[in-house]
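See structure below.
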Amino acid sequence: MAQSADLAQMLENAVLSSAGIPASQLLTALCKGSEAVIGRYEKSGRGLWHLVGSPVAGYAGRNGVAKLKKEGDGCTPSGFFPLGYAFGCKEKPDTKMTFRPVTKRSVWVDDPASSRYNQWAEEDGDWSSAERLADYPDSYAYAVVIEYNTAPVIPGKGSAVFFHCGHKPTAGCIAVPEKDLLDILRWLDPDQSPGILIVKADK
3 MAQSADLAQM LENAVLSSAG IPASQLLTAL CKGSEAVIGR YEKSGRGLWH
53 LVGSPVAGYA GRNGVAKLKK EGDGCTPSGF FPLGYAFGCK EKPDTKMTFR
103 PVTKRSVWVD DPASSRYNQW AEEDGDWSSA ERLADYPDSY AYAVVIEYNT
153 APVIPGKGSA VFFHCGHKPT AGCIAVPEKD LLDILRWLDP DQSPGILIVK
203 ADK
(Lines of atoms letter the chains of each structure in order from A and count residues from 1; the text may use other names and numbers.)
(Lines give C-alpha, C1' and ligand atoms only; values in the text may rest on other atoms or scores of the structure.)
Protein backbone atom coordinates (compact mmCIF):
# COMPACT_ATOMS: atom_id res chain seq x y z
CA MET A 1 0.00 0.00 0.00
CA ALA A 2 1.40 3.40 -0.98
CA GLN A 3 1.75 6.30 1.39
CA SER A 4 -1.24 8.66 1.30
CA ALA A 5 -0.59 11.58 -1.06
CA ASP A 6 -2.77 13.84 1.10
CA LEU A 7 -0.74 13.06 4.20
CA ALA A 8 2.51 13.54 2.29
CA GLN A 9 1.38 17.04 1.32
CA MET A 10 0.41 17.88 4.90
CA LEU A 11 3.79 16.70 6.15
CA GLU A 12 5.48 18.86 3.54
CA ASN A 13 3.44 21.88 4.62
CA ALA A 14 4.42 21.22 8.24
CA VAL A 15 8.09 20.68 7.28
CA LEU A 16 7.99 17.21 8.84
CA SER A 17 8.95 13.76 7.65
CA SER A 18 6.84 10.65 8.08
CA ALA A 19 9.65 9.03 10.05
CA GLY A 20 9.74 12.04 12.35
CA ILE A 21 6.25 11.45 13.76
CA PRO A 22 6.47 9.44 17.03
CA ALA A 23 3.06 7.83 16.68
CA SER A 24 1.35 4.86 15.07
CA GLN A 25 -2.08 6.51 15.07
CA LEU A 26 -2.41 9.99 13.63
CA LEU A 27 -5.27 12.45 13.45
CA THR A 28 -4.84 15.18 10.87
CA ALA A 29 -6.56 18.55 10.74
CA LEU A 30 -6.17 20.33 7.41
CA CYS A 31 -7.41 23.84 8.15
CA LYS A 32 -8.56 26.60 5.83
CA GLY A 33 -9.51 29.58 7.96
CA SER A 34 -11.70 28.24 10.76
CA GLU A 35 -12.83 25.18 8.79
CA ALA A 36 -11.01 21.86 9.06
CA VAL A 37 -11.01 18.43 7.46
CA ILE A 38 -10.17 15.70 9.96
CA GLY A 39 -8.53 12.46 8.84
CA ARG A 40 -7.37 9.31 10.59
CA TYR A 41 -4.20 7.43 9.68
CA GLU A 42 -2.51 4.28 10.91
CA LYS A 43 1.11 3.26 10.36
CA SER A 44 1.65 -0.12 8.76
CA GLY A 45 4.38 -2.58 9.70
CA ARG A 46 6.37 -1.25 6.75
CA GLY A 47 6.28 2.24 8.22
CA LEU A 48 3.78 3.62 5.70
CA TRP A 49 0.66 5.56 6.68
CA HIS A 50 -2.78 4.67 5.34
CA LEU A 51 -6.09 6.45 5.69
CA VAL A 52 -8.71 4.88 7.99
CA GLY A 53 -12.33 5.49 7.00
CA SER A 54 -13.43 8.76 5.44
CA PRO A 55 -12.38 12.27 6.51
CA VAL A 56 -14.96 14.32 8.42
CA ALA A 57 -15.70 18.03 8.52
CA GLY A 58 -14.68 19.98 11.60
CA TYR A 59 -13.55 23.35 12.88
CA ALA A 60 -10.42 25.13 14.06
CA GLY A 61 -10.01 28.41 15.94
CA ARG A 62 -12.19 31.34 14.91
CA ASN A 63 -9.04 33.15 13.75
CA GLY A 64 -7.58 30.16 11.94
CA VAL A 65 -4.24 28.46 12.54
CA ALA A 66 -1.04 30.09 13.81
CA LYS A 67 2.56 28.95 14.07
CA LEU A 68 3.07 31.21 17.09
CA LYS A 69 -0.02 30.94 19.24
CA LYS A 70 -0.64 33.31 22.17
CA GLU A 71 -3.14 33.20 25.02
CA GLY A 72 -6.55 34.48 23.92
CA ASP A 73 -5.72 34.94 20.23
CA GLY A 74 -8.51 32.66 18.99
CA CYS A 75 -6.04 30.63 16.92
CA THR A 76 -5.33 26.91 16.83
CA PRO A 77 -1.61 26.05 16.99
CA SER A 78 -0.06 24.34 13.98
CA GLY A 79 2.28 21.37 14.16
CA PHE A 80 2.36 17.85 15.55
CA PHE A 81 1.21 17.23 19.13
CA PRO A 82 0.69 14.04 21.15
CA LEU A 83 -2.84 13.30 22.34
CA GLY A 84 -3.24 13.03 26.10
CA TYR A 85 -6.14 11.76 28.18
CA ALA A 86 -9.81 12.02 27.31
CA PHE A 87 -12.34 13.77 29.54
CA GLY A 88 -15.99 14.70 29.49
CA CYS A 89 -19.17 15.91 31.11
CA LYS A 90 -20.88 12.66 30.10
CA GLU A 91 -20.08 9.15 31.27
CA LYS A 92 -17.00 7.40 29.94
CA PRO A 93 -17.51 6.38 26.31
CA ASP A 94 -16.28 3.27 24.54
CA THR A 95 -12.56 4.08 24.42
CA LYS A 96 -9.18 2.70 25.45
CA MET A 97 -7.98 6.18 26.32
CA THR A 98 -7.68 7.21 29.96
CA PHE A 99 -10.89 9.11 30.76
CA ARG A 100 -11.29 11.83 33.41
CA PRO A 101 -14.85 12.81 34.38
CA VAL A 102 -15.65 16.51 34.66
CA THR A 103 -16.94 17.57 38.09
CA LYS A 104 -18.56 20.82 39.20
CA ARG A 105 -15.14 21.92 40.48
CA SER A 106 -13.11 21.01 37.39
CA VAL A 107 -11.30 23.96 35.81
CA TRP A 108 -8.56 24.47 33.24
CA VAL A 109 -6.32 27.33 34.32
CA ASP A 110 -5.73 30.01 31.67
CA ASP A 111 -4.06 32.66 33.85
CA PRO A 112 -0.42 32.94 32.61
CA ALA A 113 0.66 34.27 36.02
CA SER A 114 -0.50 31.11 37.81
CA SER A 115 1.77 28.24 38.78
CA ARG A 116 -0.98 25.96 37.44
CA TYR A 117 -1.20 27.63 34.02
CA ASN A 118 -2.46 25.30 31.28
CA GLN A 119 -3.36 22.57 33.77
CA TRP A 120 -6.51 20.88 35.11
CA ALA A 121 -7.40 21.71 38.70
CA GLU A 122 -10.11 20.64 41.14
CA GLU A 123 -9.34 23.10 43.92
CA ASP A 124 -8.90 26.82 44.46
CA GLY A 125 -5.47 28.19 43.64
CA ASP A 126 -3.29 31.13 42.64
CA TRP A 127 -5.17 32.09 39.50
CA SER A 128 -7.47 34.91 38.53
CA SER A 129 -8.87 33.15 35.44
CA ALA A 130 -9.82 29.57 34.66
CA GLU A 131 -12.26 27.80 32.35
CA ARG A 132 -14.92 25.93 34.33
CA LEU A 133 -15.31 22.78 32.23
CA ALA A 134 -18.82 21.93 33.43
CA ASP A 135 -20.07 25.23 31.95
CA TYR A 136 -19.65 23.70 28.48
CA PRO A 137 -21.65 20.44 28.61
CA ASP A 138 -22.02 20.23 24.83
CA SER A 139 -18.49 21.14 23.76
CA TYR A 140 -16.96 19.05 26.54
CA ALA A 141 -19.44 16.21 26.41
CA TYR A 142 -16.31 14.38 25.24
CA ALA A 143 -12.84 15.77 24.59
CA VAL A 144 -9.19 14.81 24.30
CA VAL A 145 -6.30 16.92 25.55
CA ILE A 146 -3.99 18.09 22.77
CA GLU A 147 -0.56 18.24 24.40
CA TYR A 148 0.25 21.78 23.29
CA ASN A 149 2.38 23.91 25.63
CA THR A 150 2.44 21.20 28.26
CA ALA A 151 6.09 20.12 28.46
CA PRO A 152 7.34 22.61 29.35
CA VAL A 153 4.50 25.02 30.06
CA ILE A 154 5.40 28.51 28.83
CA PRO A 155 3.30 31.35 30.32
CA GLY A 156 1.23 33.17 27.71
CA LYS A 157 1.89 30.69 24.89
CA GLY A 158 -1.69 29.38 24.99
CA SER A 159 -3.79 27.01 27.06
CA ALA A 160 -6.76 24.65 26.98
CA VAL A 161 -6.20 23.28 23.47
CA PHE A 162 -8.51 20.30 23.08
CA PHE A 163 -10.06 18.04 20.45
CA HIS A 164 -13.72 18.33 21.41
CA CYS A 165 -17.33 18.25 20.26
CA GLY A 166 -18.68 21.15 18.24
CA HIS A 167 -20.44 22.54 15.18
CA LYS A 168 -18.74 25.93 14.92
CA PRO A 169 -15.33 27.65 15.09
CA THR A 170 -13.57 27.39 18.44
CA ALA A 171 -11.48 29.57 20.73
CA GLY A 172 -8.35 27.68 19.63
CA CYS A 173 -9.27 23.99 19.69
CA ILE A 174 -10.24 21.45 17.02
CA ALA A 175 -13.90 20.39 17.04
CA VAL A 176 -16.03 17.78 15.27
CA PRO A 177 -19.65 16.67 15.78
CA GLU A 178 -20.16 14.42 18.81
CA LYS A 179 -20.91 11.31 16.74
CA ASP A 180 -17.60 11.69 14.91
CA LEU A 181 -15.68 12.27 18.12
CA LEU A 182 -17.18 9.13 19.65
CA ASP A 183 -16.10 7.16 16.58
CA ILE A 184 -12.58 8.54 16.88
CA LEU A 185 -12.48 7.75 20.62
CA ARG A 186 -13.37 4.12 19.86
CA TRP A 187 -10.46 4.02 17.42
CA LEU A 188 -7.80 5.72 19.54
CA ASP A 189 -5.40 3.42 21.38
CA PRO A 190 -2.87 4.84 23.88
CA ASP A 191 -0.55 1.91 23.09
CA GLN A 192 -0.17 3.42 19.60
CA SER A 193 1.06 6.78 20.98
CA PRO A 194 -1.64 8.74 19.10
CA GLY A 195 -1.04 12.30 18.00
CA ILE A 196 -2.56 15.06 15.90
CA LEU A 197 -1.03 16.97 12.99
CA ILE A 198 -2.58 20.42 12.53
CA VAL A 199 -1.73 22.08 9.22
CA LYS A 200 -2.80 25.21 7.41
CA ALA A 201 -4.09 24.38 3.93
CA ASP A 202 -2.44 25.90 0.88
CA LYS A 203 -4.38 28.82 -0.57
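In this note's numbering, each residue's number is its place in the sequence shown (first place is 1) plus 2.
Where is the CB? At the ideal position from N, CA and C, for every residue including glycine.
Check each candidate in Phe-101, Asp-128, Val-109, Trp-129 and name the one with the smallest Cα separation from Ala-145. Phe-101
By the DSSP assignment, the alpha helix (DSSP H) with Leu-183 in it spans what residues? First-last of the alpha helix (DSSP H) with Leu-183: 180-189.
Once the 5 residues before and after Leu-184 are set aside, which same chain residues still bring their CB inside 8 angstroms of it? Pro-95, Asp-96, Tyr-144
Going by DSSP, name the residue or residues bridged to Pro-79. Ala-68
For the beta strand (DSSP E) that contains Cys-175, what are its first and last residues? That residue, Cys-175, is in no beta strand (DSSP E); it is neither H nor E in DSSP.
Tell me the residue span of the beta strand (DSSP E) that contains Ala-38. 37-45
Coil, strand or helix - Pro-103 by DSSP: strand
Under the DSSP definition of a beta bridge, which residues are partnered with Tyr-61? Glu-37, Ala-177
Closest by C-alpha distance to Cys-91, when choosing among Ser-195, Glu-180, Asp-193: Glu-180
With a Cβ-Cβ cutoff of 7 angstroms, do Ser-141 and Gly-168 count as a contact? A contact, by the Cβ cut-off of 7 angstroms.
Quick one: grab the DSSP three-state call for Gln-121. coil
Apart from the five residues just before and just after Thr-105, which ones in its own chain have a Cβ nearer than 8 angstroms to its Cβ? Glu-124, Ala-136
Please report how far the alpha carbon of Asp-204 lies from the alpha carbon of Gly-81, in whole angstroms. 15 angstroms
For Pro-84, does the three-state DSSP call read helix, strand or coil? Pro-84: strand per DSSP, three-state reduction.
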